[in-house]
Amino acid sequence: MPIVHLADMINHANRHNYAVGAFGVSGLQFVEGIIQAAENCRAPVVLNLIESNFENQEFELLMPAVTAAAQRTAVPIAINYDHGTSFASAERAIRAGCNGVMVDTSALLFSDNLWQTRDVVAKAHACGVTVEGELGYVPGVEGENAKHHPGELTYTSAAEAAGFVERTGVDCLAVSIGTVHGRMKGVPKLDYARLAKIKEAVSVPLVIHGGTGLSDDQFRKLIANGVAKINYYTALADIANRRIKENVAADRKGGHNALLSGVSDAVRVEVERCIHLWGCSGRAAEVLAQCRPWHDAEHVMFYNVPETLSENEIATLLREGKKALEAIPGVRSIRASRTIRSDAEYSYCLSVSLASKTAVEAFQNHPAYLRFANTNFWPMISDHITLDLEES
Ligand code: 13P
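If you want the working numbering, it's the position in the sequence shown, counting the first as 1, plus 3.
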């Protein structure tokens, strides 16, 4: 089950002077192509779920497939939610199973960006989830991923970056040193001196957004100057589109499946190129050995109710409990069930699925949990046992 902590994965890249690729996912063909490339290269990889890609498909429906695909691989994988637009985006991502989140408030004033990022960090860290902040502004130029990044480029200042990292507590920092989201207009000029200064000023790994269109040499220099994670999407979308157009040209009467044929393989080839170029091929075993595995966790209560409690009262109790507990950060789902055996020691079970074991601790100390447990639940039931579980 090689989903690993995202912060550990990026820190490994940072310590060993390579960059892990965070490849944008747009449907299952991308998931398959990216994971196949990582397996072929024995490389760690980040599946990047960019919020704007879910305007036409449902994030919550794709995530179980993303998670299942990640869990059955032999290489370390992390699942990151990218460019969330609000605090609710982070909650949604964690609930769906992402172990990294980035809420992009980089277009705001420095102080607003700082406070909002700090709020995300507090909530995400309570669930054990990695947080990426962004300081400075990486705009879009044209193409697939650009329209969501309007405005002018603002360079990251090294002096501001140090304070931002310290006061927000982010695990890694996306910086603006001349890259843009989407396809490039002309050759981008990258400010390596600025990047080196930022690297010296901050204690966390640096991230580059807007990988599409950079040359091999530019990638090498970015990594040599301290970049440990590179976000890459539009080039993959363009490659997928090209493949679909070739399929149409080859057979104008082709059906839907024929149109998509070869897309995941075309994505795979480009991801393999990046993995080799960015120095992460062959790193899977080290990363697996040195990074904490990521497991979701469960808080389970088995209980009995007094005979005087009616079915209606039990149903109301559970309905109210679900409503109160579902809102707690890190709660992924809640299931109420009852035994199918009349001789069981406990007749009922309330099982809360949580993002991680860190989230279990935060859950049990959360005011909403304490209020429900102390006021509604424990006084109503007769006896119980509680277990906190993690996959072994
Ligand atoms: P590109 O689409 O330019 O590769 O950038 C992707 C990105 O930065 C996603 O966060």
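Where is the CB? At the ideal position from N, CA and C, for every residue including glycine.
If you're wondering where the values come from, they're calculated on a predicted model, not measured in any experiment.
Compute the minimum distance between the beta carbon of residue i and the heavy atoms of the ligand SAM, and state whether it is under 7 Å.
{"i": "tyrosine 236", "result": "Ligands in the displayed structure: the ligand 13P; the ligand SAM is not one of them."}
For residue i, name the three-state secondary structure that DSSP assigns.
{"i": "tyrosine 84", "result": "strand"}
{"i": "arginine 338", "result": "strand"}
{"i": "aspartate 122", "result": "helix"}
{"i": "leucine 217", "result": "coil"}
{"i": "lysine 150", "result": "coil"}
{"i": "threonine 237", "result": "helix"}
{"i": "arginine 75", "result": "coil"}
{"i": "alanine 68", "result": "helix"}
{"i": "asparagine 59", "result": "coil"}
{"i": "threonine 159", "result": "coil"}
{"i": "isoleucine 242", "result": "helix"}
{"i": "alanine 16", "result": "helix"}
{"i": "tryptophan 277", "result": "Checking the sequence, you will find cysteine at residue 277 rather than tryptophan. Helix at cysteine 277."}
{"i": "glutamate 301", "result": "strand"}
{"i": "glutamate 145", "result": "strand"}
{"i": "methionine 187", "result": "coil"}
{"i": "tyrosine 140", "result": "strand"}
{"i": "aspartate 386", "result": "strand"}
{"i": "threonine 182", "result": "coil"}
Can you tell me the Cβ-Cβ gap for residue i and residue j, rounded? I've got them flagged as a contact below 8 Å.
{"i": "proline 191", "j": "valine 7", "result": "With a Cβ gap of about 32 Å, proline 191 and valine 7 do not count as contacting."}
{"i": "alanine 287", "j": "arginine 18", "result": "At roughly 16 Å, the Cβ-Cβ gap does not stay under 8 Å, so alanine 287 and arginine 18 are not in contact."}
{"i": "alanine 16", "j": "alanine 25", "result": "About 11 Å; that fails the 8 Å criterion."}
{"i": "isoleucine 233", "j": "glycine 214", "result": "5 Å"}
{"i": "serine 55", "j": "histidine 86", "result": "7 Å"}
{"i": "aspartate 174", "j": "glutamate 135", "result": "7 Å"}
{"i": "isoleucine 97", "j": "glycine 333", "result": "6 Å"}
{"i": "valine 124", "j": "threonine 171", "result": "6 Å"}
{"i": "phenylalanine 222", "j": "leucine 280", "result": "6 Å"}
Do the CB positions of residue i and residue j come within less than 8 Å of each other?
{"i": "threonine 237", "j": "asparagine 148", "result": "yes"}
{"i": "cysteine 352", "j": "valine 303", "result": "yes"}
{"i": "proline 67", "j": "methionine 12", "result": "no"}
{"i": "valine 168", "j": "leucine 176", "result": "yes"}
{"i": "asparagine 102", "j": "threonine 76", "result": "no"}
{"i": "alanine 300", "j": "valine 363", "result": "yes"}
{"i": "alanine 399", "j": "alanine 164", "result": "No answer is possible for residue 399: it lies beyond the span of the chain, which begins at 4 and ends at 395."}
{"i": "glutamine 32", "j": "valine 266", "result": "yes"}
{"i": "serine 92", "j": "glycine 139", "result": "no"}
{"i": "isoleucine 201", "j": "alanine 161", "result": "yes"}
{"i": "leucine 52", "j": "valine 28", "result": "yes"}
{"i": "tyrosine 158", "j": "aspartate 194", "result": "yes"}
{"i": "glycine 216", "j": "arginine 186", "result": "yes"}
{"i": "isoleucine 226", "j": "asparagine 20", "result": "yes"}
{"i": "aspartate 391", "j": "tyrosine 306", "result": "no"}
{"i": "proline 47", "j": "cysteine 277", "result": "no"}
{"i": "phenylalanine 375", "j": "alanine 327", "result": "yes"}
{"i": "alanine 365", "j": "alanine 129", "result": "yes"}
Exercise for the section: Could you say if the stretch 250-261 and the stretch 353-373 meet the contact criterion of at least three C-beta pairs nearer than 8 Å? Expected result: no
Exercise for the section: Would you check if there are 3 or more beta carbon pairs closer than 8 Å linking the stretch 115-128 to the stretch 150-159? Expected result: No, the stretch 115-128 is not in contact with the stretch 150-159.
Exercise for the section: Count the CB pairs spanning the stretch 195-210 and the stretch 241-248 that are closer than 8 Å, and state whether there are at least three. Expected result: no
Practice task
Determine contact between the stretch 24-38 and the stretch 312-322, defined as no fewer than three beta-carbon pairs at a distance below 8 Å.
Solution key: no
Practice task
Could you tell me whether the stretch 336-351 touches the stretch 362-381, where touching means 3 or more Cβ pairs closer than 8 Å?
Solution key: no
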